[in-house]
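Worksheet: one structure, shown below.
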C-alpha cells in the first residue's frame, strides 16, 4: 500500500470533495500519487426509436466532455505537489471503480459515502459499500 497510488473516485459532489481532503492527506503521508476517477453512466436507448434529438453515443460523449471540464477545474484548484492522474471511464460506477482499484497499482481507495438511509438505501446500490466489499485493497469510506 505504501508505494501505490491512492484512488479517489468522484461524482463532483460536495461529499466527494470532502473525501478528497482525506485522499490528499493519505497520499502526503505515504508520498504516493493520487488517481482521480470519474465514471460517466452509459446512456440507454434505441437509435431506431429516438425521442431525443441526439443518440445515446452523442449524449455519452457530451457527458464525458462535461466531466473533463469539471476535472480540469478541479485540478486547477488542487494544491498538492504529489503526482495527480485523472481518468474518465464510461460504464457502471461500481464495476469501473472496482476494476481500477484492483488494477494492481492502487494501494488504497478513498471514497465518499452519500449516506442514503431508509427506502433510498434499499432502492439504489450503495457504491461505497460495494467498492469496500469488492476491492482487494483497503477502502476508506468518508462521511
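In the UniProt record's numbering, the protein residues as written are 1 to 143. Note that beta-carbon positions come from the ideal geometry of N, C-alpha and C, so glycine has one too.
Does the Cβ of residue 108 have 16 or more other Cβ atoms within 10 Å, making it buried, or fewer, making it exposed? buried
May I ask you to report which of helix, strand or coil DSSP gives residue 56? helix
What residues in its chain sit with their C-beta under 7 Å from that of residue 160, if we drop five residues either side in the sequence? Here the chain has residues from 1 to 143 only, and residue 160 is not among them.
Backbone secondary structure at residue 179 - three-state DSSP: Nothing in the structure corresponds to residue 179, since the chain is present only between 1 and 143.
Would you call the CB atoms of residue 7 and residue 100 closer than 7 Å? yes
By DSSP, does residue 132 sit in helix, in strand, or in coil? helix
If you count every other CB in all the chains shown that lies within 10 Å of the CB of residue 119, and 16 or more means buried, which is it? Because residue 119 sits at a pLDDT of 46, beneath the cut-off of 50, its placement in the model cannot be relied upon, and the point is left open.
Got a sec? Which residues, its chain only, sit under 6 Å from residue 39 by beta carbon, not counting five neighbours each side? 89, 93 and 96
Test item: CB-CB of residue 91 and residue 42 under 7 Å: yes
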